[in-house]
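Asks: Starting off with a structure, shown below.
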Amino acid sequence: MLDLRFIRENAQAVRQALQNRNLQIDLDTLLSADARRRQVLGEVEALRAEKNKANDQISSLLKEKKDASQKIGSMKEIAARIDALEEELKGLDSKLDAALLTIPNIPHSSVPVGDPSHNAVVRTWGEAPRFDFKPATHVELAERLDIIDLPRATKITGSNFILFKGWGARLERALINFMLDLHTKKHGYTEIFPPFLVNRASMTGTGQLPKLEEDMYRLKDDDLFLIPTAEVPVTNIFRDDVLDEAQLPVYYTAYTACFRREAGSYGKDTKGLTRVHQFDKVEMVKFVKPEDSYDELEKLLGDAEDVLQLLGLPYRVVALSTQDISFAASKCYDLEAYAAGVGRWLEVSSCSNFENFQARRANIRFRRVKDGKKVTEYVHTLNGSGVALARTVIAIMENYQQKDGSIMIPQCLRPYVDGRESIPSS
RNA sequence: GGUGGGGUGGCUGAGCGGUUGAAAGCGGCAGUCUUGAAAACUGUUGUGGGGGUUUCCUCCACCGAGAGUUCGAAUCUCUCCCCCACCGCCA
């Protein structure tokens, strides 16, 4: 969330940011509630000071065995006035807290302003494969090779779930291991295997709640949520902690399954594997000093690109516009891999800098000495997919398909599939 | 699921109705001593918020969370959350 004082002192900048995100959020109500709160707070605190003083006097009167009944009587009245004002204060506080949670992060100045048509392709890597035959889609390939069984996944659970089978399952597992090895051994991340269920505080800490509750799978009896991304449990590792400057930066990577209801997206991308309720993802999460976060974002993006380059998948880097970046992000790049069968660019990664927006919500800070003084500051958090699996599997299947209907296995994955070169083996 | 014991500052841990923001110890920081270090000694050391004459002053809040009793609550009452130990069940 944003700092209330920042909003108070930079109301115009916040209004501009909301407009750039094309959001109608009433700032005036918030600002007047804030003004009223500070006024009431002043009154309450003056009365409390009076009360504290009187209590000291009562205390010493009683110690000297003198009569304090008059003083006690007059304090009853003040206590009642304090109660009334505190009641109002409490109302204002909860109103302000609720309002603050609905205000999104302010986009960085480098983010293109406007609707998604303003998204900017930063660079493109690789060449789309050429075929001397009509390339099949992943759905056709999966069925032909018997490596993914969507009808049975539907029978077991419902539509838009995946059941990998045989070498399909093996390919999925190979990708997970390949990515984790790459990030831990080459890019310096520490591997985490977090819980797949998180509590409400964690979901609020990273910004999924309260806004996106309807998109989440929730266990009602326990008020727990299935994670929509590893970002949630991994970022919340340091919730309410104060780190030491020397600990930063922290790089974590985690494989998890991700669960999304995708409410309201029916009819969009619903064929095959492009939009499913459960998918695998390897995520990267960083905790860094504020002054480093934009350099760290570029490095994070590079780490995700490395995955696609090693897999030999053509992709493009897209800088998202102000209306396309997520609620909590101040800047975001998407990586889109090209899938030759469906002939489309598929979003396989999203790399974002949240600056201190999540750190404020989750209360993640660090201590350092600045100008000879000890200070506690919020860290900056970042995360990026490195990368999302289902869509990457699509791209591999469609781009590496051969005329005979088999699929070549990218070189970097072969150590993870017993050296196998294709599915089925030739 | 059952029973018992707990949640106090960076940590350990005292306090169980009235100068207690909180003893003591450890740790951290600064100083004295020393060629240097250690030891010893001395001082200092929480967070958040409001206001101001804004390298400082002042006020308020905070002893798991919330509510209550009281002139006054870390301390008493209630509700909830969490942790630990043992037992049961279990991949």
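Everything in the first sequence is counted per our numbering, starting at 792 for the first residue and increasing by one. Backbone N, C-alpha and C define an ideal beta-carbon position, used for all residues, glycine too.
Would you list the one or two residues that DSSP bridges to Asp-1035?
Replies: Arg-1158
Asks: Using a Cβ-Cβ cut-off of 8 Å (strictly less than) and excluding sequence neighbours within five positions of Arg-935, which residues of its own chain qualify?
Replies: Ala-927, Gly-1196
Asks: From what residue to what residue does the beta strand (DSSP E) around Asn-1223 run?
Replies: Here the chain comprises residues numbered 792 to 1217, so residue 1223 is not present and cannot be evaluated.
Asks: Does the beta-carbon distance from Lys-842 to Ile-863 come in below 9 Å?
Replies: Not in contact: Lys-842 and Ile-863 (Cβ atoms no closer than 9 Å).
Asks: Going by C-alpha to C-alpha distance, which of Ala-1181, Val-1076, Leu-1099 sits closest to Val-1067?
Replies: With distances taken between CA atoms, Val-1067 lies nearest to Ala-1181 out of Ala-1181, Val-1076, Leu-1099.
Asks: Using 9 Å as the threshold, is the C-beta distance between Leu-954 and Ala-965 below it?
Replies: The beta carbons of Leu-954 and Ala-965 sit no closer together than 9 Å.
Asks: Leaving out five residues before and five after His-1218 in sequence, what residues of the same chain have Cβ atoms less than 7 Å from its Cβ?
Replies: Only positions 792 to 1217 of the chain appear in the structure, and residue 1218 is not among them; the question remains open.
Asks: Return the residue from the list Arg-839, Gly-1134, Ser-1140 that minimises the CA-CA distance to Asn-1190.
Replies: When only C-alpha atoms are compared, the closest one is Gly-1134.
Asks: Using a 10 Å radius around the Cβ and a threshold of 16 neighbouring Cβ atoms, would you call Gly-996 buried or exposed?
Replies: buried
Asks: Three or more C-beta pairs closer than 8 Å, one from the stretch 1139 to 1147 and one from the stretch 1161 to 1180: is that the case here?
Replies: yes
Asks: How far does the alpha helix (DSSP H) with Ala-1128 in it extend, from its first residue to its last?
Replies: Careful: Ala-1128 lies outside any alpha helix (DSSP H), inside the beta strand (DSSP E) at 1122 to 1130.
Asks: Of all the beta strand (DSSP E) runs that stay within the bounds of the stretch 890 to 946, which reach a length of 3 or more residues?
Replies: 911 to 916
Asks: Taking 9 Å as the cut-off, decide whether the C-beta atoms of Leu-1003 and Ile-1198 are in contact.
Replies: Cβ distance not < 9 Å, so Leu-1003 and Ile-1198 don't count as in contact.
Asks: My understanding is that Val-1079 touches Pro-1040, with C-beta atoms under 8 Å, so please give their C-beta distance in whole angstroms.
Replies: Right, their Cβ atoms sit about 4 Å apart.
Asks: With Asn-811 as the anchor, note down where its alpha helix (DSSP H) starts and where it stops.
Replies: 802 to 811
Asks: Output the distance between the C-alpha atoms of Gly-882 and Arg-839, rounded to the nearest integer angstrom.
Replies: 19 Å
Asks: If you reduce the DSSP assignment to three classes, tell me which class Ser-1112 lands in.
Replies: coil
Asks: Do the stretch 870 to 877 and the stretch 813 to 824 touch if we need at least three Cβ pairs shorter than 8 Å?
Replies: no
Asks: Using 8 Å for Cβ pairs, my map puts Thr-1047 next to Phe-952. What's the rounded Cβ distance?
Replies: Going by Cβ atoms, the distance from Thr-1047 to Phe-952 rounds to 16 Å, so no, they are not a contact pair.
Asks: With 16 other CB atoms within 10 Å as the buried threshold, where does Val-1098 fall?
Replies: buried
Asks: Okay, do the stretch 1097 to 1116 and the stretch 979 to 986 touch, 3+ Cβ pairs below 8 Å being the bar?
Replies: no
Asks: Are the beta-carbon atoms of Asp-1031 and Asn-1154 separated by less than 9 Å?
Replies: With contacts defined as CB atoms closer than 9 Å, Asp-1031 and Asn-1154 qualify as a contacting pair.
Asks: Contact check, Ile-967 vs Asp-1071 under 8 Å by CB: the rounded distance?
Replies: Between Asp-1071 and Ile-967 the Cβ distance is about 6 Å, and since that is below 8 Å, they are a contact.
Asks: Within a Cβ cutoff of 6 Å, which residues of the same chain sit near Leu-1000, ignoring the five residues on either side of it in sequence?
Replies: Met-994
Asks: Quick one: what's got a C-beta closer than 6 Å to Ile-798's C-beta in the same chain, skipping five residues either side?
Replies: Val-805
Asks: Between which two residues does the beta strand (DSSP E) containing Lys-1090 stretch?
Replies: Premise fails: Lys-1090 lies in the alpha helix (DSSP H), 1084 to 1102, not in any beta strand (DSSP E).
Asks: Please report the distance separating the alpha-carbon of Arg-1211 from that of Gly-1132.
Replies: Inter-residue distance for Arg-1211 and Gly-1132 is about 23 Å (C-alpha atoms, whole angstroms).
Asks: Run through the DSSP bridge pairs and tell me what Cys-1049 is partnered with.
Replies: Phe-1070
Asks: On a CA-only basis, which of Val-902, Leu-1015, Lys-1077 is nearest Gln-1149? Give me that one, please.
Replies: Lys-1077
Asks: Does the separation of the CB atoms of Ala-859 and Gln-848 fall below 9 Å?
Replies: yes
Asks: Does the Cβ-Cβ distance between Ser-1299 and Ser-1117 come in under 9 Å?
Replies: Only positions 792 to 1217 of the chain appear in this structure, which leaves residue 1299 out of reach.
Asks: Taking C-alpha atoms, which residue in Asp-1035, Val-1033, Tyr-1042, Ala-1037 lies nearest to Val-1025?
Replies: Tyr-1042
Asks: Keeping to the same chain, check which residues put their C-beta closer than 8 Å to that of Gln-1193; ignore five residues upstream and five downstream.
Replies: Met-1199, Ser-1213
Asks: May I ask you to report which of helix, strand or coil DSSP gives Ile-1198?
Replies: strand
Asks: Hey, could you find the ends of the alpha helix (DSSP H) Glu-1022 is sitting in?
Replies: 1022 to 1026
Asks: Let me check understanding here. Comparing Cα to Cα, which of Val-1160, Tyr-1129, Ala-1110, Thr-1172 lies closest to Pro-903?
Replies: Ala-1110
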